[in-house]
Amino acid sequence: MSVFLVERKLPGITPEQLQAAGVRAKTCCQEMASEGSEVVWHRSFFLPESERTFCVFEAPSRELVAEANRRAQIPYERIHDAAEMTPDAL
Numbered sequence: 070m071s072v073f074l075v076e077r078k079l080p081g082i083t084p085e086q087l088q089a090a091g092v093r094a095k096t097c098c099q100e101m102a103s104e105g106s107e108v109v110w111h112r113s114f115f116l117p118e119s120e121r122t123f124c125v126f127e128a129p130s131r132e133l134v135a136e137a138n139r140r141a142q143i144p145y146e147r148i149h150d151a152a153e154m155t156p157d158a159l
């Protein structure tokens, strides 16, 4: 599976709306996994000053990540291929 970073601009989003979007993303990924399309949402980072969110997903393809976000009805600007690096892996 590959790692993808989903970039969003969410102007005016409230903490409640952000949490609801997370619940939808989690639910849609679980539904897709039960259908045989494994998409895993690992985490998101919200930057209040820029109203941007960056979400880390793992999936076999960018298209499956896009489908999970469409199903969850969460808008996004771009889906980037990503490489994860952690201090423990070095």
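Heads up: the sequence shown runs through residues 70 to 159, numbered per this note's numbering. All residues carry an ideal CB built from backbone N, CA and C; glycine is no exception. All values derive from a computational prediction rather than experimental measurement.
Asked, Found
"Assumed close pair Ala137, Cys97 - CB separation to whole angstroms, cut-off 8 Å", "5 Å"
"DSSP state of Glu127 mapped onto helix, strand, coil", "strand"
"Of the residues Pro80, Met70, Ala151 and Gly91, the one placed nearest Ser119, counting alpha carbons only", "Pro80"
"Beta-carbon proximity list for Leu152, same chain, < 8 Å, skipping 5 on both sides", "Sequence check: residue 152 is Ala here, not Leu. Correct list, in chain order: Val72."
"Expected contact under 8 Å - CB spacing of Leu87 and Phe115 to nearest Å", "6 Å"
"Ala141 vs Ala94 beta-carbon contact at 7 Å", "yes"
"Straight-line Cα distance separating Thr83 from Ser103", "30 Å"
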